[in-house]
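Everything below concerns the one structure shown next.
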Amino acid sequence: MLLLFRSRLFCAFAILLASLATSSQVLFAQDVQMVPDKQDRESAEKAQSHKDDNDEPVTTFKARSDVVQLFFNVKDKKGGLIPNLPKENFDVLENGKPQVIKYFSSTSNLPLTLGILIDSSGSQQNVLEMEKQVGGAFLQDVITEKDVAFVISFDVRVELLHDFTSNVRALKTAL
């Protein structure tokens, strides 16, 4: 039963993260595709038609970066993390060709941004209390001051129970 809950919770996280990424792309596309009203278009066209041929050319800045950031971790056969490996232990290939590793650093304890989704539909009523307890324990164990999380409840509708915060007590109360 707990395994089923964990797999459902993982799937819900994956769906939420995918939907957040999609919605931010859609919002960006909507911002870019805004069309000026008729009056704004007409005044822009007039300004363009009266443009002097002696206008200074517009300076364009172009840049290229060949630096790619790769985040990874290395685990042993038992799943334990292997820390402090030097860059000499790694090979980076692009289309089968070795690449030079110019910058290499070890980073840990990066800030987390995560969400807890609670399935509050009728089919989950028997395990809802357990979901809340497991979710609260997870937040207590994982969230630090630099991390943020939110809580959403869903059945036939979705409800934001608490927005992004690092306050574990507030998140647990929202559960």
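So the sequence shown is numbered by our numbering: it starts at 310 and just counts up by one. Yeah, the Cβ is synthetic: ideal placement off N, Cα and C, and Gly gets one too. Every value quoted in this text rests on a predicted model; they were computed, and no experiment measured them.
Own chain partners of residue i with C-beta closer than 8 Å, once the 5 adjacent residues on each side are dropped
i, result
"T331", "Low confidence applies to T331: its pLDDT is 37, below 50, so where it sits in the model is not reliable enough to give any reading."
"D472", "F459"
"K384", "L390, I391"
"D450", "none"
"T474", "V457, A458, F459, L480"
"P395", "F413"
Rounded distance between the beta-carbons of residue j and residue i, thought under 8 Å
i, j, result
"G431", "F459", "The Cβ separation is near 24 Å, so there is no contact."
Residue from the options whose Cα sits closest to the Cα of residue i
i, options, result
"E251", "L426, Y412, F447, K441", "There is no way to answer for residue 251, as the model of the chain reaches only from 310 to 484."
"V377", "G389, Q408, L390, P392", "Q408"
"N418", "N398, E365, E454, K371", "E454"
"V465", "Q433, D375, I410", "Q433"
"D400", "V367, F381, T474", "F381"
"F463", "S429, E365, L402, G444", "S429"
"N398", "E365, I410, A446", "I410"
"L402", "K387, K386, G388, L379", "L379"
Proximity of residue i and residue j at Cβ, strictly below 8 Å
i, j, result
"V477", "I452", "yes"
"K481", "L448", "yes"
"L484", "K441", "yes"
"S414", "N393", "no"
Chain-order list of residues whose beta-carbon lies under 6 Å from that of residue i (same chain, five-residue window excluded)
i, result
"L421", "D456"
"L336", "Its pLDDT being 30, under 50, L336 is placed unreliably by the model, and the measurement read from it follows with that caveat. Taken in chain order, the list of residues that qualify is empty."
Same chain, Cβ closer than 7 Å to residue i, five either side skipped, listed in chain order
i, result
"A479", "H471"
"Q342", "Low per-residue confidence applies at Q342: pLDDT is 38, beneath 50, and the placement is therefore not dependable enough to give any value."
"V344", "Model confidence at V344 stands at a pLDDT of 45, short of 50, so the residue's coordinates are unreliable; what they give is reported in the following sentence. Nothing listed; no residue qualifies."
Near the ligand MN: residue i beta-carbon under 7 Å from a heavy atom
i, result
"D450", "With respect to small molecules bound, the structure shown includes none, and the ligand MN cannot be examined in it."
Exercise for review: Report the residue ranges of all beta strand (DSSP E) runs contained in full by the stretch 405–483; include only those spanning at least 3 residues, in chain order.
Suggested key: 406–408, 422–428, 457–463, 467–474
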